[in-house]
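Asks:
There are 2 protein chains.
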Amino acid sequence: MAQSDTVDRILDAAEELFAERGFSETSLRMITSKAKVNLAAVNYHFGSKNALIHAVFARFLTPFSATLEDAFDDLEAKCDGEPPTLNQTLWALTESAVRMPQRNEKGISIFMRLLGLAYTQSQGHLRKFLEQEYSQPFSRFMRLLKEATPQLSAVDRYWRIQFMLGATAFTMSSSDALRDILQNKLGVETTVQEIAARLVPFLAAGMQADDAMLVPPAHKTSVA
Amino acid sequence: MAQSDTVDRILDAAEELFAERGFSETSLRMITSKAKVNLAAVNYHFGSKNALIHAVFARFLTPFSATLEDAFDDLEAKCDGEPPTLNQTLWALTESAVRMPQRNEKGISIFMRLLGLAYTQSQGHLRKFLEQEYSQPFSRFMRLLKEATPQLSAVDRYWRIQFMLGATAFTMSSSDALRDILQNKLGVETTVQEIAARLVPFLAAGMQADDAMLVPPAHKTSVA
DNA sequence: GTCTGTTTGAAACATACGTTTGACCGGCAG
DNA sequence: CTGCCGGTCAAACGTATGTTTCAAACAGAC
Chain P
120 MAQSDTVDRI LDAAEELFAE RGFSETSLRM ITSKAKVNLA AVNYHFGSKN ALIHAVFARF
180 LTPFSATLED AFDDLEAKCD GEPPTLNQTL WALTESAVRM PQRNEKGISI FMRLLGLAYT
240 QSQGHLRKFL EQEYSQPFSR FMRLLKEATP QLSAVDRYWR IQFMLGATAF TMSSSDALRD
300 ILQNKLGVET TVQEIAARLV PFLAAGMQAD DAMLVPPAHK TSVA
Chain X
120 MAQSDTVDRI LDAAEELFAE RGFSETSLRM ITSKAKVNLA AVNYHFGSKN ALIHAVFARF
180 LTPFSATLED AFDDLEAKCD GEPPTLNQTL WALTESAVRM PQRNEKGISI FMRLLGLAYT
240 QSQGHLRKFL EQEYSQPFSR FMRLLKEATP QLSAVDRYWR IQFMLGATAF TMSSSDALRD
300 ILQNKLGVET TVQEIAARLV PFLAAGMQAD DAMLVPPAHK TSVA
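If you read the protein sequences in the order shown, they are chains P and X. In our numbering, each residue carries its 1-based index in the first sequence increased by 119. In our numbering, each residue carries its 1-based index in the second sequence increased by 119.
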């Protein structure tokens, strides 16, 4: 047992269960019994369930945000003054995510699902935690997006970023289920990397959709 | 009190609270106290909390799926043999949603958020309920999408539909919060209809992204 | 008015939750 | 050996949940 792998066992079990079931739907007793540790260990090592949730995110997000900053550094250095393109920016992000050292084969998709849940489940404490801990790489990404789409108005860009976020979080958050369905229906195997490779062009195309298309059709009973 | 508006008061309160806080995070006591009815009324009229959740969805979804079928009928009649375009299909969907008779001004966005939650929160019973109750309009929509994008392979189309679903569910599920942020940061008011008007072109563009873009960049440490 | 079936009301039910407690163990400094 | 201290453990704490109970209130038919 070395010094105490209890902490890591709790984090592993919590990460997996949170991703499967959500935060409120996962009890400490589920976590501790899956981790094969005593119930009190969570409160002893982390203080509270909320603090455990934060720790699960921090374990992934802290090294990831460092990796991401490096990727952005490389990208901006390579572009040498010119703002990186939208495709380059999106790829820098997904490459950073995919290249993260992973504890097991489902590492990335588990964490994508957690991020999706963090946005969806109205856990106020989590949003606050994420915003104040990782605001720097986030706003840097936003700045790159802005420079890559100068033709968009601020409002258009704002909404399209939300659309991108939604497509990504939602897809990745249920990527396991979606992969299974595809496997059963069409007999096709898919990796997270391949999903990302399909997602990025979709996002880029949507982000750069022609403004002329923004006009809704004639407002009759149905489409024009 | 007529015959019994208790049922409706419960449904109204439940709908709003579920949308605000999620299903597990909303207790029957919150619902009944907001609805100003007795706690036991929920179990008396609906049988269980899960059945109440189903009833909330059915109250909106049943008339909506009828409206949607009509819209698809109109669309296919108008196109007269030719398959409707992607834009037409997406607009038929959003128009149907927007035109639904609403109990209050936030009707649509509340319900969009509920649909998003239904997909996100792993409430097995809800997914099962929705799938078996509303499979018909869903598969019809899928067929229209297929006919509108014949150039896509089945696998490409499958994933891009997931991306669309994600962008829509995610955006709508947090549309209140997103509207508030936009209001504060840029001082812009937005309606659900306007969000839809921005979303549809984004989805259509992403759906029809050039296949050539599907190739990832050179697999070096960063982007090519 | 009386009866009958339906709806409400206050209270209790059993269960599950997050958290706290205090005893216990094992290694290590004195 | 003694004393300590970080860590583990079983058990209990108080609270909140979904559900059930049963008496009271109500409506409409006769």
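Ideal Cβ placement from N, Cα and C applies to all residues, glycine included. For clarity, every value in this text was computed on a predicted model and none was experimentally measured.
1. Could you spell out the range, first to last residue, of the alpha helix (DSSP H) harbouring residue 206 of chain P?
2. Against chain X, with Cβ distances strictly below 8 Å, would residue 268 of chain P count as a contact?
3. Determine the burial state of residue 181 of chain X: buried for a count of at least 16 other Cβ atoms within 10 Å of its Cβ, exposed for fewer.
4. Please state whether the Cβ-Cβ distance between residue 141 of chain X and residue 236 of chain X is less than 8 Å.
5. Rounded to the nearest angstrom, what separates residue 309 of chain P and residue 238 of chain X at their Cα positions?
6. Does the separation of the CB atoms of residue 286 of chain X and residue 248 of chain X fall below 8 Å?
7. Would you tell me roughly how many angstroms separate the C-alpha atoms of residue 144 of chain P and residue 149 of chain X, rounded to the nearest one?
8. Please determine, among X:187, X:255, X:199 and X:265, the residue with the shortest C-alpha to C-alpha distance to residue 205 of chain X.
9. Which residue marks the beginning of the alpha helix (DSSP H) containing residue 199 of chain X, and which one marks its end?
10. If you measure between the beta carbons of residue 203 of chain X and residue 267 of chain X, is that distance less than 8 Å?
11. Can you tell me which of the three DSSP states residue 142 of chain P falls into?
12. How do the stretch 250-263 of chain P and the stretch 305-319 of chain P stand: do at least 3 beta-carbon pairs fall below 8 Å, yes or no?
13. Do you know offhand how far residue 136 of chain X's Cα is from residue 127 of chain X's?
14. Quick one: does residue 144 of chain X have its CB under 8 Å from some CB of chain P?
15. Please report the straight-line C-alpha distance between residue 217 of chain P and residue 197 of chain X, rounded to a whole angstrom.
16. Taking only beta-carbon atoms, is residue 314 of chain P less than 8 Å away from chain X?
17. So residue 275 of chain X contacts chain P; which residues on that side make the cut at Cβ distance below 8 Å?
18. Could you name the residues of chain X that residue 154 of chain P contacts, counting a contact when the two beta carbons are closer than 9 Å?
19. Hey, does residue 302 of chain X have any beta-carbon neighbour from chain P nearer than 8 Å?
20. Once you ignore the five residues that flank residue 298 of chain X on each side, which residues in its own chain have a CB closer than 7 Å to its CB?
21. Alpha carbon to alpha carbon, how far is residue 178 of chain X from residue 187 of chain X? Give it in angstroms, no decimals.
Replies: For this structure:
1. For residue 206 of chain P, the uninterrupted alpha helix (DSSP H) segment begins and ends at 205-218.
2. By the rule that beta-carbons nearer than 8 Å mark a contact, residue 268 of chain P does not touch chain X.
3. Counting Cβ neighbours within 10 Å, residue 181 of chain X comes out exposed, since fewer than 16 surround it.
4. Against a cut-off of 8 Å, the Cβ pair of residue 236 of chain X and residue 141 of chain X comes out as a contact.
5. For the pair residue 309 of chain P and residue 238 of chain X, the Cα-to-Cα distance works out to about 21 Å.
6. No.
7. Put simply, the backbone Cα of residue 144 of chain P is about 18 Å away from that of residue 149 of chain X.
8. Residue X:265 is the option with its Cα nearest to residue 205 of chain X.
9. It is not in any alpha helix (DSSP H) - residue 199 of chain X carries neither H nor E in the DSSP assignment.
10. For residue 203 of chain X and residue 267 of chain X, yes; Cβs fall inside 8 Å.
11. Annotated three-state conformation of residue 142 of chain P is coil, per DSSP.
12. Contact between the stretch 250-263 of chain P and the stretch 305-319 of chain P is absent, because fewer than three Cβ pairs lie under 8 Å.
13. Cα-Cα distance, rounded: 14 Å.
14. Yes, because at least one Cβ of chain P sits closer than 8 Å to the Cβ of residue 144 of chain X.
15. Their backbone Cα atoms lie some 47 Å apart in a straight line.
16. For residue 314 of chain P, the nearest beta carbon of chain X is closer than 8 Å to its own beta carbon.
17. The answer, in chain order, is 317.
18. Going along chain X, no residue has its Cβ under 9 Å from residue 154 of chain P, so there is no contact; the nearest lies around 20 Å.
19. By this cut-off, residue 302 of chain X is not an interface position.
20. Answer for residue 298 of chain X: 309, listed in chain order.
21. Note on geometry: alpha-carbon atoms of residue 187 of chain X and residue 178 of chain X lie some 15 Å from one another.
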